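Chemist:
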Amino acid sequence: MERREFVASLVAGGCAGMCVDLTLFPLDTIKTRLQSQQGFYKAGGFRGIYAGVPSAAVGSFPNAAAFFVTYEYTKALLGTGGVFALPHVAPVTHMLAASLGEVVACMIRVPTEVVKQRAQASLSSSTYNILLATLREEGVRGLYRGYGSTVLREIPFSLVQFPLWEYLKTLWSSRQGHTLYSWQSAVCGAVAGAVAAFVTTPLDVAKTRIMLAKAGSTTASGNIPLVLYDVWRSRGIAGLFAGSIPRMTFISMGGFIFLGAYEKARRTLL
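So for the sequence shown, the UniProt record's numbering puts the first residue at 1; every next one is plus one.
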């Protein structure tokens with residue numbers, strides 16, 4: 001990857017991430033409260049809908065930038081030659097690039113997500129106080145609680161979203177005979193995001209429960225199958241897909257803004 005492409009991916013990804021996280025933050029808060037153990041209204045209902053937004057504001061740019069730099073660099077590296085350069089292997093290349101991108105991005109995303117979700121589900125404390133309390137009670141490890149569950153949510157999500165996004169772009173582009181406009185790429189991103197969001201909702205429920213659980217509890221240990229079983233036993237299938245509508249709405253709209261803004265900004269910078 002050339003230096004110019006690196007900078008374009010870094011800046012475009014970071015700007016796109018901030019656009020989405022700050023624009024659609026209320027939907028994310030509603031989703032978190034629907035998935036929390038105490039229930040939607042006890043977690044705050046529709047009150048304090050921007051609780052936790054400072055954490056999202058701080059983490060969104062570096063998180064998205066880290067993902068797209070890794071994604072584009074891995075795509076470029078794998079596409080230079082060998083079996084991964086073949087057209088019919090492109091989906092596998094996109095899957096590997098997106099998965100690696102998520103692993104790297106989660107190093108930044110998880111601490112901000114932990115603080116943000118705890119602020120969203122507890123209106124009695126500010127973002128700063130929650131950060132201090134987490135560090136005091138659990139240390140730096142507390143900020144990375146749920147890292148495994150987040151990665152295990154994001155990788156399947158990316159395995160669905162990015163190959164589908166690239167496929168839809170290729171299909172639409174070939175039918176109209178020229179490269180897609182930014183808004184068309186954004187539409188493809190919205191469709192791909194909605195599909196991926198619905199499929200991975202149970203993993204998102206598990207991640208939310210693990211991050212919000214009291215330190216030292218069974219849920220806080222991060223055993224995803226056990227958490228999913230407890231949710232299914234207490235709330236059934238509906239519990240496993242709690243928050244799926246706001247999650248799909250958030251990610252579909254987010255995919256439109258995120259991937260559309262990314263394509264537009266990257267083309268402008270290049």
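Quick reminder that beta carbons are idealized off the backbone N, C-alpha and C, glycines included. Computed from a prediction, not measured in an experiment: that's the story for all the values here.
Which same chain residues, not among the five before or five after Gln37, have their C-beta less than 7 angstroms away from its C-beta?
Modeler: In the sequence shown, counting from the first residue as 1, residue 37 sits at position 37. Counting only Cβ-Cβ distances below 7 angstroms, and skipping sequence neighbours, we find Arg209 and Leu212.
Chemist: Could you check the C-alpha separation between Ser252 and Ala238 for me, to the nearest Å?
Modeler: Walking along the sequence shown from the start, residue 252 turns up at place 252. Walking along the sequence shown from the start, residue 238 turns up at place 238. So the two alpha carbons sit approximately 21 angstroms from each other.
Chemist: If we ignore side chains and look at the alpha-carbon of each, how far apart do Gly216 and Pro26 end up?
Modeler: Your numbering for residue 216 matches position 216 in the sequence shown. Your numbering for residue 26 matches position 26 in the sequence shown. Rounded to whole angstroms, Gly216 to Pro26 spans 30 angstroms at the Cα level.
Chemist: If you draw a straight line from the C-alpha of Asn63 to the C-alpha of Ser158, how long is it?
Modeler: As a working mapping, residue 63 is identified with position 63 in the sequence shown. As a working mapping, residue 158 is identified with position 158 in the sequence shown. Their backbone Cα atoms lie some 15 angstroms apart in a straight line.
Chemist: With a CB to CB cut of under 7 angstroms and the five nearest residues on each side skipped, what residues in its chain are close to Ser244?
Modeler: Within the sequence shown, the letter at position 244 stands for residue 244. Result list for Ser244: Phe198 and Thr201, in chain order.
Chemist: In angstroms with no decimal places, state the Cα-to-Cα distance between Phe258 and Ala220.
Modeler: Taking the sequence shown and counting its residues from 1, the one referred to as residue 258 is at position 258. Taking the sequence shown and counting its residues from 1, the one referred to as residue 220 is at position 220. Going by the C-alpha atoms only, they are around 31 angstroms apart.
Chemist: Return yes when the Cβ of Ile155 is within less than 9 angstroms of the Cβ of Val103, no when it is not.
Modeler: Here residue 103 corresponds to residue number 103 of the sequence shown, with the count starting at 1. Here residue 155 corresponds to residue number 155 of the sequence shown, with the count starting at 1. Yes; because the gap between Cβ atoms is below 9 angstroms, this pair is in contact.
Chemist: Note down the Cα distance separating Ile130 from Glu72, rounded to an integer number of angstroms.
Modeler: Position 130 of the sequence shown, counting from 1, holds the residue named residue 130. Position 72 of the sequence shown, counting from 1, holds the residue named residue 72. Ile130 and Glu72: Cα-Cα distance of roughly 35 angstroms.
Chemist: Beta carbon of Ala43, beta carbon of Ala121: below 9 angstroms?
Modeler: Locating residue 43 in the sequence shown gives position 43, where the first residue counts as 1. Locating residue 121 in the sequence shown gives position 121, where the first residue counts as 1. Yes, the pair counts as a contact, with Cβ atoms nearer than the cut-off.
Chemist: Restricting to runs no shorter than 4 residues, where is the alpha helix (DSSP H) found entirely within the region 166 to 195?
Modeler: The qualifying runs do not exist here; there are none.
Chemist: Considering only their Cβ atoms, is the gap separating Ala12 from Phe68 smaller than 9 angstroms?
Modeler: Against the sequence shown, residue 68 aligns to sequence position 68. Against the sequence shown, residue 12 aligns to sequence position 12. Yes.
Chemist: What is the C-beta distance between Leu10 and Ala65, in whole angstroms, given that I count them as a contact (C-beta under 8 angstroms)?
Modeler: Taking the sequence shown and counting its residues from 1, the one referred to as residue 10 is at position 10. Taking the sequence shown and counting its residues from 1, the one referred to as residue 65 is at position 65. Right, their Cβ atoms sit about 5 angstroms apart.
Chemist: How big is the Cα-Cα spacing for Thr74 and Arg267?
Modeler: To locate residue 74, count along the sequence shown from 1; it is residue 74. To locate residue 267, count along the sequence shown from 1; it is residue 267. Between Thr74 and Arg267, the C-alpha separation is close to 19 angstroms.
Chemist: Can at least three beta-carbon pairs, one atom from the region 165 to 179 and one from the region 223 to 241, be found at a separation below 8 angstroms?
Modeler: Not touching, per the Cβ criterion.
Chemist: Should Tyr128 go down as buried or exposed, given a rule of 16 or more other Cβ atoms within 10 Å for buried?
Modeler: Here residue 128 is taken as the residue at index 128 of the sequence shown, counted from 1. Classification for Tyr128: exposed.
Chemist: For Ala85, is the classification buried or exposed, using 16 other Cβ atoms within 10 angstroms of its Cβ as the cut-off for buried?
Modeler: Here residue 85 refers to the residue found at position 85 of the sequence shown. Under this definition Ala85 is an exposed residue.
Chemist: In chain order, what residues of the same chain lie with their CB nearer than 6 angstroms to the CB of Glu166, ignoring the 5 residues before and after it?
Modeler: Your numbering for residue 166 matches position 166 in the sequence shown. Excluding positions up to five away in sequence, the list reads His94.
Chemist: Considering Cα atoms alone, identify which of Ser125, Val58 and Val114 is closest to residue 327.
Modeler: As displayed, the chain neither begins before 1 nor continues past 270, which places residue 327 out of reach and without an answer.
Chemist: Measure the C-alpha to C-alpha separation of Leu180 and Val53 and round it to an integer number of angstroms.
Modeler: Along the sequence shown, one-based indexing puts residue 180 at 180. Along the sequence shown, one-based indexing puts residue 53 at 53. Each residue's alpha carbon lies about 33 angstroms from the other.
Chemist: Going by alpha carbons, who is nearest to Cys106 out of Arg4, Arg153 and Gly82?
Modeler: As a first step, residue 106 is located in the sequence shown; it is residue number 106 there, counting from the start. Taking only the C-alpha atoms, the option nearest Cys106 is Arg153.
Chemist: Would Phe241 and Leu24 be called neighbours here (beta carbons separated by less than 9 angstroms)?
Modeler: Indexing the sequence shown from 1 puts residue 241 at position 241. Indexing the sequence shown from 1 puts residue 24 at position 24. No.
Chemist: Among the residues of its own chain, which have a CB less than 7 angstroms from the CB of Trp183, if the five just before and after it don't count?
Modeler: Here residue 183 corresponds to residue number 183 of the sequence shown, with the count starting at 1. Cβ neighbours of Trp183 beyond the five flanking positions: Gly260.
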